[in-house]
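Peer 1: Chains as they are written, first to last, in our numbering: chain A, 1 to 198; chain B, 1 to 198.
For glycine and all other residues, C-beta sits at the position ideal for the given N, C-alpha and C.
Structure provided below as structure tokens; questions to follow.
2 protein chains.
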Amino acid sequence: MNSKTQARGYHHGDLRTALIEAGLALLERDGAAGVSLRAVARQAGVSQAAPYAHFAGKRELMSAIATVGFSRLRDLIAPLASDPARSIVDLGVAYIEFAKANPGLYALMFGSGEYIDSRDVQLSHASRQAFELLAMKVGRRGSNAVDDPGPIAAWSLVHGLVMLLMNEKIPAEMNERLPEILRLLEPGIAEHTRKGGV
Amino acid sequence: MNSKTQARGYHHGDLRTALIEAGLALLERDGAAGVSLRAVARQAGVSQAAPYAHFAGKRELMSAIATVGFSRLRDLIAPLASDPARSIVDLGVAYIEFAKANPGLYALMFGSGEYIDSRDVQLSHASRQAFELLAMKVGRRGSNAVDDPGPIAAWSLVHGLVMLLMNEKIPAEMNERLPEILRLLEPGIAEHTRKGGV
DNA sequence: CCGCCAATCTTAACGCCGTTAACATAATGG
DNA sequence: CCATTATGTTAACGGCGTTAAGATTGGCGG
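Rendered as structure tokens:
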């Protein structure tokens, strides 16, 4: 079915990709706890030690999976970020929907350094790309995203909401009031943009 | 040295407490990955299966540790929340400092359900207490915290900031601009309070 | 076309983990 | 005072990440 997922002989053909896809599948099926190198290898129809030909260890596999997650997030919000008809709140809602649709993946992407290596080059590059899309809409023009408190506040608010909702720290009823919550940041951002903008 | 930490005979005396304290110590020394039931038991000078006399399994121990974390957080912010001279931003800064001083513990408290049981009675009670202190300062009077978007937005913003800083998704230089970022929420909260307040 | 090399994959083993079962010890209270 | 019960021990199970040693194979230089 898939392009190269059919293992035939001794060699797989595209095991690296197959392992990442198997990891993504296990992540959503059984949660992060269900993702083990051995389980991923099993899922890909390969022996337990085979992944070590493509990844130095578990953290590297997990980082690769998280990188795929950031790419998907970027692809999801890119059209919204460049569409002037979409508001900041629209962007936030789409972001939250991505997290709710892929809870295991999202938790991996933003989890502590236990599973992934935050300094992995591919990974931090992918996460920066996603962030800059957000900043394009939120930030004041002419400043680079990393120095601008506006986008950072927006990302933090949205990310915090997602985490607290997912881990049941705030009640699920709040799901329907997300736009209302996100809007609370708008006056502050507007004021800040006016003060510091071009 | 400690009150009852000195194991003497066959029976420990207060093993439950000792295990939680050992877990807290390992959490900060080696990170969440270094906390295993066996390591905790070892640290407490007791056999590998001894913890099962006090906890049903690893998740229950971890939940107990996280509960202690929420109690500490509550004790830290309680005086600030009830002091009218302290602003919302002061509260947020103190919160973030707690997280930075206890990164392993904080990550456990707000981590996914993999290690802890979010529905644990003690745990959710302790986390609610801490949240209500925040709401006392941020929320509009007369509404219960859980229904008020203001406190939820404030908590989300602060929590998101902490997580993104800890996991190196935003640069560490932002540490010095936290008050500036937190202030971005103030206009929105003020407006919202005026509209819906008593 | 052939032979060799490097990449890829396998099996086997190590120590660590969570958990359970069977048993030992000690504190307590009827 | 002795039996019950809470607390602790040792031993074992399967699963995990990782490494070592060897098998298989695709591809490239001759």
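Within 8 Å (strictly less), CB to CB, does residue 192/B reach chain A?
Peer 2: Start at 1 with the first residue of the second sequence, and residue 192/B comes out as number 192. Cβ-Cβ to chain A under 8 Å: yes for residue 192/B.
Peer 1: Residues of chain A with a CB under 8 Å from the CB of residue 125/B: which are they?
Peer 2: Locating residue 125/B in the second sequence gives position 125, where the first residue counts as 1. Those within 8 Å of residue 125/B in chain A number zero; the least Cβ separation is about 12 Å.
Peer 1: Report the option in 31/A, 149/A and 130/A whose CA atom is closest to the CA atom of residue 69/A.
Peer 2: Within the first sequence, residue 69/A is the residue found at index 69, counting from 1. Residue 69/A has its Cα closest to that of 130/A, out of 31/A, 149/A and 130/A.
Peer 1: Excluding the 5 residues preceding and the 5 following residue 116/A in the sequence, name in chain order all residues of the same chain whose CB lies nearer than 7 Å to its CB.
Peer 2: The count along the first sequence starts at 1 and reaches residue 116/A at position 116. Hits under 7 Å: 59, 62, 63, 66, 108 and 123.
Peer 1: Taking C-beta to C-beta, are residue 73/B and residue 51/B nearer than 8 Å?
Peer 2: Counted from its first residue, the second sequence places residue 73/B at position 73. Counted from its first residue, the second sequence places residue 51/B at position 51. No, the pair does not count as a contact, with Cβ atoms beyond the cut-off.
Peer 1: Between the beta-carbon of residue 81/A and the beta-carbon of residue 161/A, is there less than 8 Å?
Peer 2: On the first sequence, residue 81/A is found 81 positions in, with the first residue counted as 1. On the first sequence, residue 161/A is found 161 positions in, with the first residue counted as 1. The answer is no: Cβ separation not under 8 Å.
Peer 1: Which residues of chain A have a Cβ atom closer than 9 Å to the Cβ of residue 110/B, listed in chain order?
Peer 2: On the second sequence, position 110 is the one that residue 110/B refers to. Correct list: 163, 164, 167 and 169.
Peer 1: Are residue 105/B and residue 94/B close, meaning C-beta to C-beta below 8 Å?
Peer 2: Within the second sequence, residue 105/B is the residue found at index 105, counting from 1. Within the second sequence, residue 94/B is the residue found at index 94, counting from 1. Taking 8 Å as the Cβ cut-off, residue 105/B and residue 94/B do not qualify as a contacting pair.
Peer 1: Between which two residues does the alpha helix (DSSP H) harbouring residue 38/A extend?
Peer 2: Translated into positions along the first sequence, residue 38/A becomes position 38. 37 to 43 is the span of the alpha helix (DSSP H), which, as asked, contains residue 38/A.
Peer 1: Three or more C-beta pairs under 8 Å: does that hold for the region 185 to 193 of chain A against the region 181 to 191 of chain B?
Peer 2: The region 185 to 193 of chain A vs the region 181 to 191 of chain B: in contact.
Peer 1: If the cut is a Cβ gap below 8 Å, which residues of chain B does residue 77/A touch?
Peer 2: Start at 1 with the first residue of the first sequence, and residue 77/A comes out as number 77. Under the 8 Å cutoff, chain B gives no residues; its nearest Cβ is about 15 Å from residue 77/A.
Peer 1: According to DSSP, is residue 116/B part of a helix, a strand, or is it coil?
Peer 2: For the purposes of this step, residue 116/B is taken as residue 116 along the second sequence, with counting starting at 1. If DSSP states are grouped into helix, strand and coil, residue 116/B belongs with coil.
Peer 1: Round the Cβ separation of residue 26/A and residue 39/A to the nearest angstrom and send it over; I've been treating them as touching at under 8 Å.
Peer 2: Start at 1 with the first residue of the first sequence, and residue 26/A comes out as number 26. Start at 1 with the first residue of the first sequence, and residue 39/A comes out as number 39. Right, their Cβ atoms sit about 6 Å apart.
Peer 1: Find the residues of chain A that neighbour residue 24/B, judging by a C-beta separation of less than 7 Å, and give them in chain order.
Peer 2: For this step, residue 24/B is matched to residue 24 along the second sequence. Those within 7 Å of residue 24/B in chain A number zero; the least Cβ separation is about 16 Å.
Peer 1: When the Cα of residue 191/B is compared with those of 16/B, 47/B and 150/B, which residue comes out closest?
Peer 2: Taking the first residue of the second sequence as 1, we reach residue 191/B at position 191. Of the listed residues, the one whose Cα sits closest to residue 191/B is 150/B.
Peer 1: Tell me whether residue 125/A is buried or exposed, calling it buried when 16 or more other Cβ atoms sit within 10 Å of its Cβ.
Peer 2: In the first sequence, the residue the question calls residue 125/A occupies position 125. Looking at its Cβ environment, which holds fewer than 16 other Cβ atoms inside 10 Å, residue 125/A is exposed.
Peer 1: Say whether chain B places a C-beta atom closer than 8 Å to the C-beta of residue 12/A.
Peer 2: Translated into positions along the first sequence, residue 12/A becomes position 12. No, because no Cβ of chain B sits closer than 8 Å to the Cβ of residue 12/A.
Peer 1: Work out the CA separation of residue 41/B and residue 47/B for me, nearest whole Å.
Peer 2: On the second sequence, position 47 is the one that residue 47/B refers to. On the second sequence, position 41 is the one that residue 41/B refers to. Distance between the alpha carbons of residue 47/B and residue 41/B is about 6 Å.
Peer 1: Roughly how many angstroms separate the alpha carbons of residue 153/B and residue 182/A, rounded to a whole number?
Peer 2: Stepping through the second sequence from its first residue, residue 153/B is reached at position 153. Stepping through the first sequence from its first residue, residue 182/A is reached at position 182. The alpha-carbon atoms of residue 153/B and residue 182/A are separated by roughly 8 Å.
Peer 1: Along chain B, in chain order, which residues have C-beta atoms closer than 8 Å to that of residue 185/A?
Peer 2: Taking the first residue of the first sequence as position 1, residue 185/A is located at position 185. Within 8 Å Cβ-Cβ: 153, 157, 184, 185 and 188.
Peer 1: DSSP on residue 71/A, reduced to helix/strand/coil?
Peer 2: As a position in the first sequence, residue 71/A is number 71, starting the count at 1. Residue 71/A falls in the helix class under three-state DSSP.
Peer 1: Excluding the five sequence neighbours on either side, which residues of its own chain have a C-beta within less than 6 Å of the C-beta of residue 29/B, listed in chain order?
Peer 2: Your numbering for residue 29/B matches position 29 in the second sequence. Cβ within range, chain order: n/a, list empty.
Peer 1: Within the present structure, is the beta-carbon of residue 175/B separated from the nearest heavy atom of the ligand MG by less than 7 Å?
Peer 2: Annotation note on the ligand MG: not contained in the displayed structure, which lists no ligands.
Peer 1: Identify the contact partners of residue 174/B in chain A, using a Cβ-Cβ distance below 7 Å as the criterion.
Peer 2: The residue labelled residue 174/B in the question sits at position 174 within the second sequence. Simply 152.
Peer 1: When you compare each of 194/B, 175/B and 9/B to residue 100/B by their alpha carbons, which one comes out closest?
Peer 2: Here residue 100/B is taken as the residue at index 100 of the second sequence, counted from 1. Comparing Cα-Cα distances from residue 100/B to each of 194/B, 175/B and 9/B, the minimum goes to 175/B.
Peer 1: Whose C-alpha, out of 137/B, 119/B, 31/B and 21/B, is nearest the C-alpha of residue 90/B?
Peer 2: One-based indexing of the second sequence puts residue 90/B at position 90. Among 137/B, 119/B, 31/B and 21/B, the Cα nearest to that of residue 90/B belongs to 137/B.
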